[in-house]
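Numbering (my numbering), first residue to last: 0 to 147.
Notes follow the structure.
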């Protein structure tokens, strides 16, 4: 399973997380806890700045070391209401991704990442073995989904 393409909806999900006051690192922690998605400061803080420029969030307070706590505005709540279905779809995909990781999908992702980096080095025997493995794995997944 592929990590959900959250780029397009990440702003929406982060905005939803700011229904309660939070700071950037708190948003990163919530994304990981709720969805298994690790975001960097380099991703989150530009989104927070963009949401603030759009008037969808505001700074609630500045804490230690100038740490800003953000909260959603009335305009932000109205925006979420207009994009309710898109938000629920995105959150559903993110929850599914977290479950995938919990079922061992993370290890599978790492194995495929390694395979992709070395696939051109495989000999014919290795390719045949992987082809058999993939077909058998796909068949077995379908059987599990069918309840067999």
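Yeah, the Cβ is synthetic: ideal placement off N, Cα and C, and Gly gets one too.
- Here DSSP, grouped into helix, strand and coil, assigns residue 134 to helix.
- Annotation for residue 8: no alpha helix (DSSP H) segment contains it, and DSSP assigns it neither H nor E.
- For residue 20, the closest alpha carbon among the candidates 88, 58, 42 is that of 58.
- Under the 10 Å beta carbon count, residue 71 is surrounded by 16 or more other beta carbons and is classified as buried.
- Taking C-alpha positions only, residue 118 is separated from residue 112 by approximately 10 Å.
- Every beta strand (DSSP E) stretch that sits fully inside the stretch 7-67 and reaches 3 residues is listed by chain position as 56-61.
- By the Cβ rule, the stretch 48-57 does not count as touching the stretch 96-112, because fewer than three pairs are nearer than 8 Å.
- Burial check for residue 24: the Cβ neighbour count within 10 Å stays below 16, so the residue is exposed.
- Excluding residues up to 5 positions away in sequence, nothing lies with its Cβ nearer than 7 Å to the Cβ of residue 136 in the same chain.
- CA-CA distance, residue 125 to residue 139, rounds to 21 Å.
- Judged by beta-carbon spacing, residue 11 lies within the 8 Å limit of residue 86, meaning their Cβ atoms are closer than that value.
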